[in-house]
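Contents: one structure, followed by commentary.
Numbering (UniProt numbering), first residue to last: 1 to 166.
As C-alpha coordinates, this is what we get:
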(Lines of atoms letter the chains of each structure in order from A; the text may use other names.)
(Lines give C-alpha, C1' and ligand atoms only; values in the text may rest on other atoms or scores of the structure.)
Protein backbone atom coordinates (compact mmCIF):
# COMPACT_ATOMS: atom_id res chain seq x y z
CA UNK A 1 0.00 0.00 0.00
CA UNK A 2 1.30 3.42 -0.91
CA UNK A 3 0.73 6.05 1.73
CA UNK A 4 1.44 9.64 0.71
CA UNK A 5 3.09 12.01 3.23
CA UNK A 6 -0.18 13.77 4.15
CA UNK A 7 -1.98 10.46 4.75
CA UNK A 8 1.00 9.17 6.74
CA UNK A 9 0.79 12.20 9.03
CA UNK A 10 -2.96 11.69 9.49
CA UNK A 11 -2.49 7.98 10.28
CA UNK A 12 0.23 8.83 12.80
CA UNK A 13 -2.11 11.34 14.47
CA UNK A 14 -4.86 8.70 14.70
CA UNK A 15 -2.41 6.12 16.09
CA UNK A 16 -1.21 8.65 18.68
CA UNK A 17 -4.79 9.40 19.71
CA UNK A 18 -5.46 5.68 20.26
CA UNK A 19 -2.24 5.29 22.25
CA UNK A 20 -3.13 8.22 24.52
CA UNK A 21 -6.80 7.33 24.94
CA UNK A 22 -7.79 5.56 28.13
CA UNK A 23 -11.25 4.54 26.89
CA UNK A 24 -12.57 4.24 23.32
CA UNK A 25 -16.06 3.79 21.84
CA UNK A 26 -16.02 2.38 18.30
CA UNK A 27 -18.80 2.71 15.72
CA UNK A 28 -18.50 0.60 12.57
CA UNK A 29 -20.42 0.24 9.34
CA UNK A 30 -20.32 -1.74 6.12
CA UNK A 31 -16.92 -0.41 5.05
CA UNK A 32 -15.20 -2.43 7.76
CA UNK A 33 -16.36 -5.70 6.15
CA UNK A 34 -15.80 -5.01 2.45
CA UNK A 35 -12.23 -6.35 2.69
CA UNK A 36 -13.82 -9.65 3.79
CA UNK A 37 -15.82 -9.76 0.54
CA UNK A 38 -19.11 -8.60 2.03
CA UNK A 39 -20.65 -5.85 -0.11
CA UNK A 40 -21.59 -2.50 1.34
CA UNK A 41 -25.07 -1.10 0.82
CA UNK A 42 -24.90 2.18 -1.08
CA UNK A 43 -22.06 1.86 -3.60
CA UNK A 44 -22.79 1.11 -7.28
CA UNK A 45 -22.40 -2.63 -6.63
CA UNK A 46 -23.83 -2.52 -3.10
CA UNK A 47 -26.81 -4.41 -1.74
CA UNK A 48 -29.13 -1.46 -2.42
CA UNK A 49 -28.18 -1.27 -6.12
CA UNK A 50 -31.53 -2.98 -6.88
CA UNK A 51 -33.48 -0.83 -4.44
CA UNK A 52 -33.91 -0.76 -0.70
CA UNK A 53 -34.55 -4.49 -0.34
CA UNK A 54 -34.56 -4.44 3.46
CA UNK A 55 -37.03 -1.59 3.98
CA UNK A 56 -40.18 -2.23 5.99
CA UNK A 57 -42.43 -2.13 2.90
CA UNK A 58 -40.36 -4.81 1.14
CA UNK A 59 -40.47 -7.05 4.20
CA UNK A 60 -44.22 -6.71 4.63
CA UNK A 61 -44.93 -7.34 0.95
CA UNK A 62 -46.49 -10.80 0.53
CA UNK A 63 -44.18 -11.31 -2.47
CA UNK A 64 -41.00 -10.76 -0.41
CA UNK A 65 -39.20 -13.83 -1.79
CA UNK A 66 -36.48 -11.69 -3.40
CA UNK A 67 -35.84 -9.91 -0.11
CA UNK A 68 -35.55 -13.19 1.77
CA UNK A 69 -33.29 -14.61 -0.95
CA UNK A 70 -31.02 -11.57 -0.60
CA UNK A 71 -30.94 -12.10 3.17
CA UNK A 72 -30.08 -15.80 2.67
CA UNK A 73 -27.27 -14.91 0.26
CA UNK A 74 -25.90 -12.39 2.75
CA UNK A 75 -26.14 -15.00 5.52
CA UNK A 76 -24.19 -17.52 3.44
CA UNK A 77 -21.56 -14.95 2.48
CA UNK A 78 -21.13 -13.74 6.07
CA UNK A 79 -21.00 -17.29 7.42
CA UNK A 80 -18.04 -18.04 5.14
CA UNK A 81 -16.17 -14.75 5.66
CA UNK A 82 -13.32 -14.02 8.04
CA UNK A 83 -12.84 -10.89 10.16
CA UNK A 84 -10.71 -8.14 8.62
CA UNK A 85 -7.74 -6.34 10.15
CA UNK A 86 -10.20 -3.63 11.22
CA UNK A 87 -12.30 -6.14 13.18
CA UNK A 88 -9.12 -7.48 14.75
CA UNK A 89 -8.04 -3.94 15.70
CA UNK A 90 -11.27 -3.43 17.67
CA UNK A 91 -10.59 -6.74 19.45
CA UNK A 92 -7.06 -5.55 20.30
CA UNK A 93 -8.51 -2.37 21.80
CA UNK A 94 -10.71 -4.62 23.95
CA UNK A 95 -7.75 -6.77 25.07
CA UNK A 96 -5.87 -3.59 26.00
CA UNK A 97 -8.80 -2.61 28.24
CA UNK A 98 -9.53 0.51 26.21
CA UNK A 99 -12.78 -0.52 24.50
CA UNK A 100 -15.87 0.78 26.26
CA UNK A 101 -18.12 -0.73 23.60
CA UNK A 102 -18.35 -1.23 19.86
CA UNK A 103 -21.59 -0.36 18.10
CA UNK A 104 -21.94 -1.82 14.64
CA UNK A 105 -24.45 -1.36 11.85
CA UNK A 106 -23.19 -4.62 10.36
CA UNK A 107 -25.23 -7.81 10.45
CA UNK A 108 -22.37 -10.12 9.44
CA UNK A 109 -21.18 -11.14 12.94
CA UNK A 110 -17.51 -10.61 12.03
CA UNK A 111 -16.90 -8.69 15.28
CA UNK A 112 -18.07 -11.78 17.14
CA UNK A 113 -15.78 -14.02 15.09
CA UNK A 114 -12.93 -11.62 15.87
CA UNK A 115 -13.48 -12.31 19.57
CA UNK A 116 -15.95 -9.74 20.89
CA UNK A 117 -19.09 -10.77 22.75
CA UNK A 118 -22.12 -9.40 20.93
CA UNK A 119 -25.69 -8.75 21.91
CA UNK A 120 -27.91 -6.28 23.72
CA UNK A 121 -26.89 -7.32 27.24
CA UNK A 122 -25.08 -4.82 29.49
CA UNK A 123 -21.83 -6.79 29.35
CA UNK A 124 -21.79 -7.20 25.54
CA UNK A 125 -18.63 -5.75 24.01
CA UNK A 126 -20.30 -5.16 20.63
CA UNK A 127 -23.91 -4.17 19.98
CA UNK A 128 -25.25 -5.10 16.51
CA UNK A 129 -27.63 -2.18 15.96
CA UNK A 130 -29.51 -3.87 13.10
CA UNK A 131 -29.43 -7.42 14.43
CA UNK A 132 -27.63 -10.22 12.64
CA UNK A 133 -28.25 -12.47 9.66
CA UNK A 134 -28.11 -15.66 11.73
CA UNK A 135 -31.85 -15.53 12.33
CA UNK A 136 -35.07 -14.22 10.82
CA UNK A 137 -37.96 -12.34 12.35
CA UNK A 138 -41.49 -12.62 11.03
CA UNK A 139 -42.61 -9.17 9.80
CA UNK A 140 -46.15 -9.88 10.98
CA UNK A 141 -45.80 -11.29 14.53
CA UNK A 142 -42.08 -10.63 15.19
CA UNK A 143 -41.33 -14.25 16.12
CA UNK A 144 -37.61 -14.94 15.76
CA UNK A 145 -36.37 -18.18 14.21
CA UNK A 146 -33.07 -19.61 12.99
CA UNK A 147 -32.28 -20.42 9.36
CA UNK A 148 -32.80 -24.09 8.47
CA UNK A 149 -31.91 -26.19 5.45
CA UNK A 150 -35.64 -26.44 4.64
CA UNK A 151 -35.91 -22.65 4.58
CA UNK A 152 -32.90 -22.46 2.27
CA UNK A 153 -34.57 -24.89 -0.14
CA UNK A 154 -37.82 -22.90 -0.05
CA UNK A 155 -35.97 -19.62 -0.72
CA UNK A 156 -33.99 -21.10 -3.61
CA UNK A 157 -37.24 -22.48 -5.08
CA UNK A 158 -38.79 -18.98 -4.85
CA UNK A 159 -41.31 -20.14 -2.29
CA UNK A 160 -42.58 -17.92 0.52
CA UNK A 161 -41.24 -18.65 3.99
CA UNK A 162 -44.08 -19.29 6.37
CA UNK A 163 -44.01 -18.42 10.03
CA UNK A 164 -45.03 -21.28 12.32
CA UNK A 165 -46.99 -18.88 14.52
CA UNK A 166 -48.84 -17.04 11.74
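Glycine included, every Cβ here is placed at the ideal spot set by N, Cα and C. From a predicted model like this one, the values you see are computed outputs, not experimental measurements.
Using a Cβ-Cβ cut-off of 8 Å (strictly less than) and excluding sequence neighbours within five positions of residue i, which residues of its own chain qualify?
i: residue 167; result: Since the first residue shown for the chain is 1 and the last is 166, residue 167 is missing from the structure and cannot be characterised.
i: residue 98; result: 18, 21, 22, 23, 24
i: residue 142; result: none
i: residue 103; result: 25, 26, 27, 28, 126, 127, 129
i: residue 37; result: 77, 81
Let me know if residue i comes out buried or exposed under the rule of 16 or more other beta-carbons within 10 Å of its beta-carbon.
i: residue 109; result: buried
i: residue 136; result: buried
i: residue 107; result: buried
i: residue 13; result: exposed
i: residue 112; result: buried
i: residue 162; result: exposed
i: residue 5; result: exposed
i: residue 7; result: exposed
On the DSSP letters alone, give me the boundaries of the alpha helix (DSSP H) that residue i sits inside.
i: residue 152; result: 149-156
i: residue 42; result: Taken as a continuous stretch (DSSP letters only), residue 42 belongs to no alpha helix (DSSP H), as it is neither H nor E.
i: residue 19; result: 5-20
Grab the span of the beta strand (DSSP E) containing residue i for me, first residue to last.
i: residue 136; result: 135-137
i: residue 28; result: 24-28
i: residue 160; result: Where residue 160 is concerned, there is no enclosing beta strand (DSSP E), given that its DSSP letter is neither H nor E.
Excluding the 5 residues preceding and the 5 following residue i in the sequence, name in chain order all residues of the same chain whose CB lies nearer than 7 Å to its CB.
i: residue 115; result: 91
i: residue 33; result: 84, 106, 108, 110
i: residue 152; result: 72
Below 6 Å CB to CB, which residues in the same chain sit around residue i once its five sequence neighbours on both sides are set aside?
i: residue 140; result: 166
i: residue 87; result: 110, 111, 114
Rank the options by C-alpha distance to the C-alpha of residue i and give the top, closest one.
i: residue 69; options: 164, 163, 159; result: 159
i: residue 154; options: 101, 72, 16, 138; result: 72
i: residue 15; options: 124, 119, 40, 89; result: 89
TODO: Just list the beta strand (DSSP E) runs in the region 60-130, keeping only unbroken ones of 3 residues or longer that don't cross its boundaries, in chain order.
DONE: 99-104, 126-128
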